[in-house]
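Written below as structure tokens is the structure these notes are about.
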Amino acid sequence: MTPAPQQEHRPVRDALAAEWRKTYSARATWFVAGAVVLTMLAVTSLTVTVVVMWEGLPPERRSDVVMSPPDQVVLMPLQLCLGVLGLLTFTAEHRTGMIRSTFVAVPRRGTVLAAKTAVTGVVALLLGYVGVLVTVGASWWVAGDRSFFLNNDPLAEQLPLLLASGLSVLMVAIVCVGLGAIVRSTAAAVVLLVLFLYVLPMSTTYLPAPWDDRVASVMLPNLHHQVGTDDFAMVYFDGVLAPPAALALMAAYAAIALGAAAVVVRRRDT
33 MTPAPQQEHR
43 PVRDALAAEW
53 RKTYSARATW
63 FVAGAVVLTM
73 LAVTSLTVTV
83 VVMWEGLPPE
93 RRSDVVMSPP
103 DQVVLMPLQL
113 CLGVLGLLTF
123 TAEHRTGMIR
133 STFVAVPRRG
143 TVLAAKTAVT
153 GVVALLLGYV
163 GVLVTVGASW
173 WVAGDRSFFL
183 NNDPLAEQLP
193 LLLASGLSVL
203 MVAIVCVGLG
213 AIVRSTAAAV
223 VLLVLFLYVL
233 PMSTTYLPAP
243 WDDRVASVML
253 PNLHHQVGTD
263 DFAMVYFDGV
273 LAPPAALALM
283 AAYAAIALGA
293 AAVVVRRRDT
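Each position in the sequence shown, counted from 1, maps to that position plus 32 in our numbering.
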């Protein structure tokens, strides 16, 4: 008799496939995607409102109407949404107890972490760039030739900043995968995310000069601006990092978060 062929065991591929199925079937993923779409619609609707206001004013007063660039308006909600998705890759499984089954199926916990990071990264990169680019394109189409954005440079000149903005969404999501693995509690992780994205960066404005700009420049939410442009007139700090240094620091945040998570998940029982 010819023995039946054994199924080839590919732990990395199997782990990626399993994480993709879990991510695709999770309601949280679709809630996040819906939140991204609603954010895009909200920012575009805001632009429509500003256009209506602009049209209703006499010509001599139209210069008083200003609106923050749509990429800045949409970026913070995108970072928060995809950051929460990154947190849930681990915290949701810890809450339900599914993490035990995951580690039984894939005993190498580093492989589990890598698979979750890869799948979350793909989703974050896709939704991040769609959210930024579609919102900016739609807002500029609605605005037409009206010059009320704080940044009225041609879109071609803004492209490096837009690409860096989408990249920042990816990096926030990856950092949050590591944060979720370390903290395990969804509530605690979300509090830390809000602290990390909003509270700490804005707190730097209370520091004396030049430390306010120095500390603000190394905060993860502010790195994309230093990667994509040298114009800091539209933000609350003057960047001190060159684009390569800001990009390297962005990658370092992700590496440190994942490195710490790898150590923690290997030492815990679950």
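All C-beta atoms in this analysis are idealised placements derived from N, C-alpha and C, irrespective of residue type, glycine included.
- When DSSP reads this structure, F181 sits in a beta bridge with M99.
- DSSP places A170 in the uninterrupted alpha helix (DSSP H) bounded by 141 to 175.
- A Cβ-Cβ separation of about 7 Å places R216 in contact with F122 under the 8 Å criterion.
- In this structure the segment 161 to 173 does not lie against the segment 131 to 139, because fewer than three pairs of beta carbons, one per stretch, are closer than 8 Å.
- Short of 6 Å from the beta carbon of M99, and not among the five residues preceding or following it, lie these beta carbons of its own chain, in chain order: V82, F180, F181.
- Take A150, set aside five residues on each side of it, and the residues of its chain with a beta-carbon closer than 8 Å to its own are L48, E51, in chain order.
- In terms of Cβ geometry, A213 and V295 do not form a close pair [threshold 8 Å].
- When C-alpha distances from V201 are compared across S95, M251, N184, H256, the shortest belongs to H256.
- Between the segment 248 to 262 and the segment 271 to 283, the count of C-beta pairs closer than 8 Å reaches three or more; the two stretches touch.
- For the pair G160 and C208, the Cα-to-Cα distance works out to about 15 Å.
- Spanning the alpha carbons of A221 and E92 requires a straight line of approximately 49 Å.
- No residue range can be given for A274, since it is assigned to no alpha helix (DSSP H) and is classified by DSSP as neither H nor E.
- DSSP, read as helix, strand or coil, puts R94 in helix.
- Under the three-state reduction of DSSP output, Y268 falls in the coil class, being neither helix nor strand.
- Judged by DSSP in its simplified three-state form, P43 adopts helix.
- One alpha carbon belongs to P276, the other to G88, and they sit about 45 Å apart.
- Take G163, set aside five residues on each side of it, and the residues of its chain with a beta-carbon closer than 7 Å to its own are V68, T71, M72, V106, L110, in chain order.
- About 14 Å separates the Cβ atoms of L224 and P253, ruling out a contact at the 8 Å cut-off.
- Of the residues assessed, M108 falls on the exposed side of the cut-off, its CB having fewer than 16 other CB atoms within 10 angstroms.
- Taking the Cα positions, R42 is about 27 Å away from T128.
- Note on A196: 16 or more other CB atoms within 10 angstroms of its CB, so buried under the neighbour-count rule.
- Between V174 and T79, the C-beta spacing is below 8 Å.
- When the Cα atoms are used, A289 and S95 turn out to be separated by approximately 45 Å.
- The beta carbons of S249 and L273 sit closer together than 8 Å.
- With respect to A156, A205 sits close: the two C-beta atoms are nearer than 8 Å.
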